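Chains as they are written, first to last, in our numbering: chain A, 116 to 225; chain B, 569 to 747.
Below: one structure, written as structure tokens.
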Amino acid sequence: MKLVRDEWHVLTGSYVVDALGSQEREGFERHLHHCVSCDAEVRGLRETAARLAMARSLPPPPGLQDRVLAATYRTRQLPPVVGDRPFPSRRLAARLAALLHRGPGLSWAA
Amino acid sequence: MLAGLLARVARGDREAFRRVCGELAGPVYGVIRQVLRDPAQSERVAQESLLEVWRTAPRFDPARGSAAAWVLALAHRRAVDRVRPRNPSSRRERRAAPHAGTGTGPQGAEVVEVTLDRVRVLRCLDALTEVQRESIKLAYYRGYSGPQVAALLGVTPGTVPTRIRDGLIRMRDSLEVTW
């Protein structure tokens with residue numbers, strides 16, 4: 116979707132209450148990546164929406180938490196997101212691997 | 569405190585996860601129930617949501633918001649994806665549900681926990697203009713899309729996003745929500 120900046124900005128509230136259609140939602144999320152003011156507003160409104168949820172808290176059904184806990188034993192967690200630079204760097208890793216496989220070209224012995 | 573627990577959950581700490589569930593299972597189940605109404609389906613979606621918290625905890629970024637808001641946004645979206653299943657994310661993100669119970673519904677589920685905070689939030693909602701309040705309630709508590717809200721309120725679809733945004737901003741400011 117192509118919208119100008121102000122047209123996106125008006126969608127912050129609709130985004131946090133999940134009132135956007137799927138295409139709008141995806142477009143808005145792309146917009147959020149490079150719009151600091153929308154991103155900041157979304158954070159505050161998301162906290163506000165959370166208060167609406169808290170206000171509707173209900174006692175959870177008995178056994179719900181036990182079943183969820185049991186399911187964690189068969190559910191792998193996502194890895195954390197890390198920077199795209201591998202550590203140690205690929206070039207350094209390749210050099211180390213080469214050294215280990217072929218041995219050093221020069222003797223390290225004193 | 570919850571953010572610290574989620575950091576431990578991210579490292580696979582089940583005791584921390586048990587405590588997160590203890591804090592948030594009520595609001596998670598409550599908001600899902602608001603949207604879906606059906607107790608058995610709500611229970612399944614609540615289970616999936618909490619398991620999703622376990623699965624995606626390593627992606628939680630405490631610099632971007634509170635742990636409660638992150639969890640509740642995740643739960644709300646999953647509930648809405650059930651009532652508006654043409655959202656592609658519901659197909660992409662749907663995962664096998666953990667085994668659900670018999671799902672006859674919780675005892676005393678209708679007994680809503682009355683807290684001061686709850687009263688305060690609902691008062692703020694009441695203080696909005698009628699269109700702001702109804703737009704937010706239909707979207708957030710009933711899971712309707714912007715155009716569906718517009719149809720129910722008999723207003724032009726283009727005005728709904730502004731109503732929702734203005735209403736939430738007023739609530740944010742009067743509840744002194746910071747982030």
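Even for Gly, the Cβ is constructed at its ideal location relative to N, Cα and C.
On a predicted model such as this, the values are computed, not experimentally measured, just so you know.
For residue j and residue i, the rounded distance between their alpha carbons
i	j	result
V599/B	R579/B	28 Å
L743/B	L684/B	12 Å
A164/A	R182/A	27 Å
L736/B	E141/A	21 Å
E638/B	F628/B	According to the sequence shown, residue 638/B is Trp rather than Glu. Each residue's alpha carbon lies about 8 Å from the other.
A584/B	R623/B	14 Å
V196/A	A625/B	11 Å
G128/A	R158/A	10 Å
A575/B	A134/A	30 Å
R601/B	Q609/B	8 Å
L642/B	A636/B	10 Å
A571/B	E162/A	14 Å
P715/B	L126/A	13 Å
A695/B	P194/A	44 Å
C586/B	P630/B	In the sequence as presented, Cys is not what sits at residue 586/B; that position holds Arg. Rounded to whole angstroms, R586/B to P630/B spans 19 Å at the Cα level.
L167/A	V687/B	11 Å
D734/B	S152/A	16 Å
L619/B	R612/B	11 Å
D581/B	Q180/A	15 Å
W747/B	M569/B	16 Å
G178/A	C589/B	12 Å
L604/B	G198/A	39 Å
A719/B	I732/B	15 Å
R691/B	L640/B	21 Å
E122/A	T724/B	16 Å
T190/A	T697/B	45 Å
E702/B	G136/A	19 Å
P674/B	V717/B	Low local confidence applies: a pLDDT of 40 at P674/B is under 50, so the model's placement there is unreliable, with the coordinate-based value given in what follows. C-alpha separation (whole angstroms): 30 Å.
Residue from the options whose Cα sits closest to the Cα of residue i
i	options	result
I647/B	A637/B, S617/B and A631/B	The displayed chain sequence assigns Ala, not Ile, to residue 647/B. Residue S617/B is the option with its Cα nearest to A647/B.
Q700/B	L721/B, R710/B and R686/B	L721/B
M739/B	V689/B, G714/B and S713/B	V689/B
V131/A	D154/A, L118/A and H149/A	D154/A
V745/B	H124/A, V151/A, E156/A and E139/A	E156/A
V621/B	V119/A, Q192/A, E122/A and H124/A	Q192/A
Y188/A	T724/B, S713/B and V577/B	V577/B
R169/A	R632/B, H644/B and P630/B	Residue 169/A is actually Met in this sequence, not Arg. Of R632/B, H644/B and P630/B, the residue nearest in Cα terms is H644/B.
Y597/B	R586/B, A614/B, D649/B and L640/B	A614/B
Q138/A	H149/A, L118/A and V151/A	L118/A
L160/A	R612/B, R632/B and P607/B	R632/B
H149/A	R166/A, G136/A and H124/A	H124/A
V651/B	P607/B, E702/B, G711/B and E698/B	G711/B
D537/B	P607/B, V717/B and S713/B	Within the shown structure, residues of chain B are numbered from 569 to 747, placing residue 537/B beyond reach of any answer.
L693/B	D741/B, V723/B and D606/B	D741/B
S634/B	P607/B, V717/B and L573/B	L573/B
So, do the region 139-150 of chain A and the region 725-741 of chain B have three or more beta carbon pairs nearer to each other than 8 Å? The region 139-150 of chain A, when compared against the region 725-741 of chain B, does not touch it at the 8 Å Cβ threshold.
Whole alpha helix (DSSP H) runs in the region 600-664 of chain B with 4 or more residues, listed along the chain? 607-624, 635-651 and 656-661
What residues from the region 611-642 of chain B come within 7 Å of chain A, judged by C-beta to C-beta, listed N to C? E611, A614, Q615, L618, L619, W622, R623, T624, A625, P626, R627, R632, G633, S634, A636, A637, L640 and A641
When you compare the region 165-175 of chain A with the region 584-595 of chain B, are there three or more beta-carbon pairs, one atom per stretch, that lie closer than 8 Å? yes
Do the region 692-710 of chain B and the region 181-197 of chain A touch if we need at least three Cβ pairs shorter than 8 Å? no
Just to confirm the assignment: which complete alpha helix (DSSP H) runs, minimum length 4, are found wholly within the region 160-191 of chain A? 179-187
Could you please tell me which residues of the region 152-181 of chain A, in chain order, have their CB closer than 7 Å to any CB of chain B? R158, G159, L160, R161, E162, T163, A164, A165, R166, L167, A168, M169, A170, R171, S172, L173, P174, P175, P176, P177, G178, L179 and Q180
Identify each residue in the region 578-597 of chain B for which the Cβ-Cβ distance to at least one residue of chain A is less than 8 Å, and report them in chain order. A578, G580, R582, F585, R586, C589, G590, A593, G594, P595, V596 and Y597
Could you please tell me which residues of the region 708-722 of chain B, in chain order, have their CB closer than 9 Å to any CB of chain A? Y708, Y709, G711, Y712, S713, G714, P715, Q716 and V717
Return the chain-ordered ranges of every alpha helix (DSSP H) run that is complete within the region 684-733 of chain B and spans a minimum of 4 residues. 684-694, 698-704 and 714-721
Contact residues within the region 185-199 of chain A, judged by C-beta distance below 7 Å to chain B: In summary, the residues of the region 185-199 of chain A whose CB is separated from some CB of chain B by less than 7 Å are A186, T187, T190, Q192, L193, P194, P195 and V196, in the order they occur in the chain.
Output, in sequence order along the chain, the residues in the region 685-699 of chain B whose CB is closer than 8 Å to any CB in chain A. Hits within the stretch, in order: D685, R686, V689, L690 and L693.
To be precise: take each residue of the region 119-138 of chain A, compare its Cβ to all Cβ atoms of chain B, and keep it if any distance is under 8 Å. Which residues remain? V125, L126, T127, G128, S129, V131, V132, D133, A134, L135, G136 and S137
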